[in-house]
Amino acid sequence: MPEAENHSITAPDDRALLAGLRQGQARAYEQMMRRYNRLLYRAARGIVRDDAEAQDCVQEAWLRAFTGLQGFRGEAALGTWLTRIVINQALTQQRRLGRWVAWNEDFESGESDMAQYPHGRDAMESPEERVARLQVLRQLEQAIDSLAPIYRSVFILRAVQGLSVEDTAQGLQVSADVVKTRFLRARAQLRALLAFDPETEAAYLHDFAGQRCSDLTGRVLQELRSRGVIRDH
Numbered sequence: 001m002p003e004a005e006n007h008s009i010t011a012p013d014d015r016a017l018l019a020g021l022r023q024g025q026a027r028a029y030e031q032m033m034r035r036y037n038r039l040l041y042r043a044a045r046g047i048v049r050d051d052a053e054a055q056d057c058v059q060e061a062w063l064r065a066f067t068g069l070q071g072f073r074g075e076a077a078l079g080t081w082l083t084r085i086v087i088n089q090a091l092t093q094q095r096r097l098g099r100w101v102a103w104n105e106d107f108e109s110g111e112s113d114m115a116q117y118p119h120g121r122d123a124m125e126s127p128e129e130r131v132a133r134l135q136v137l138r139q140l141e142q143a144i145d146s147l148a149p150i151y152r153s154v155f156i157l158r159a160v161q162g163l164s165v166e167d168t169a170q171g172l173q174v175s176a177d178v179v180k181t182r183f184l185r186a187r188a189q190l191r192a193l194l195a196f197d198p199e200t201e202a203a204y205l206h207d208f209a210g211q212r213c214s215d216l217t218g219r220v221l222q223e224l225r226s227r228g229v230i231r232d233h
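So this is what it looks like as structure tokens:
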């Protein structure tokens, strides 16, 4: 299991960024997005099975968060607050598209779908090793996408993003016991589908960095400027 990221609101960097946001500083908005884009993308990807739709969810979630910043009281970690926003946005988006999402009950699902697969993790791998790793990652992503959203979201937040049980529970607004149960069921379903341990490569799925991260950040900044939220001078 990858080490969980620390998104506590007590972190000095978060406090400084929040202060900058409230002053309308463009740099603070950009740094905040770059810090949390991957978390929000992975949280959205736990609901939707399409990369582009997940990015749309993240973009809209940022706009909702930034224009509703007064709603953040510091009662939960900043990452938790943002995760709740993007999950609610993803659920709303799916329902708006007429897609029913079972979110409050456990059930067995045999759904499956194809998805794009991420890049390999190590540029020093040989071509043969890279091909083999990409095949494993593609198999794993397809297997994860076959899970029902209530299981997929828990597995992605726990095994892919590396959040703790407590942080996952707060983000999904369920109990720790529910997270543990759903994670065990997700892992069991994946092990039945795969010839390898699904957690060994999970941390390298659904990365959100490089040009995709920069493009999304730029679009949000442009929209915030058009709304007068950001003051560049």
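Note that full-length UniProt numbering numbers the sequence shown so that position 78 is 78, with each residue one more than the last. Idealized CB from N, CA, C, for every residue including glycine. None of these values were measured; they are calculated from a predicted model.
- Selection Q23, S146 and L39 evaluated against Q70 yields Q23 as nearest (Cα-Cα).
- Within its own chain, the residues whose Cβ lies closer than 6 angstroms to the Cβ of L157, once the five positions on either side in sequence are excluded, are L163 and T168, listed in chain order.
- Taking the Cα of F208 as reference, the smallest distance to any Cα among A26, L17, D14 and A54 is reached at A54.
- With contacts defined as CB atoms closer than 8 angstroms, G171 and A90 fail to qualify as a contacting pair.
- The shortest CA-to-CA distance from A16 to any of V58, A61, L78 and W62 is the one to L78.
- Under the three-state reduction of DSSP output, I87 falls in the helix class.
- Judged by DSSP secondary structure, Y151 falls within the alpha helix (DSSP H) whose first and last residues are P149 to F155.
- Excluding sequence positions up to five before and after G20, its CB lies within less than 6 angstroms of the CB of A28, all in the same chain and listed in chain order.
- 8 angstroms or more divides the Cβ of A159 from the Cβ of E166.
- Per the C-alpha coordinates, the member of P198, L40 and V48 positioned closest to L137 is P198.
- A buried status is given to G46, since no fewer than 16 other beta-carbon atoms sit within 10 Å of its beta-carbon.
- Under the criterion of beta carbons closer than 8 angstroms, L221 and A26 qualify as touching, at roughly 6 angstroms.
- Taking 8 angstroms as the cut-off, the beta carbon of R219 is found closer than this to the beta carbon of Q59.
- In the three-state scheme derived from DSSP, where H, G and I count as helix and E and B as strand, R231 is classed as coil.
- Contact between A65 and I85 is confirmed by a C-beta separation of about 5 angstroms, below the 8 angstroms threshold.
- Annotated three-state conformation of D197 is coil, per DSSP.
- With respect to the 8 angstroms criterion, V154 and A186 are classified as neighbours on the basis of their beta carbons.
- Residues of the same chain with a CB within less than 7 angstroms of the CB of M33, apart from the 5 flanking positions on each side, are W62, T217 and V220 in chain order.
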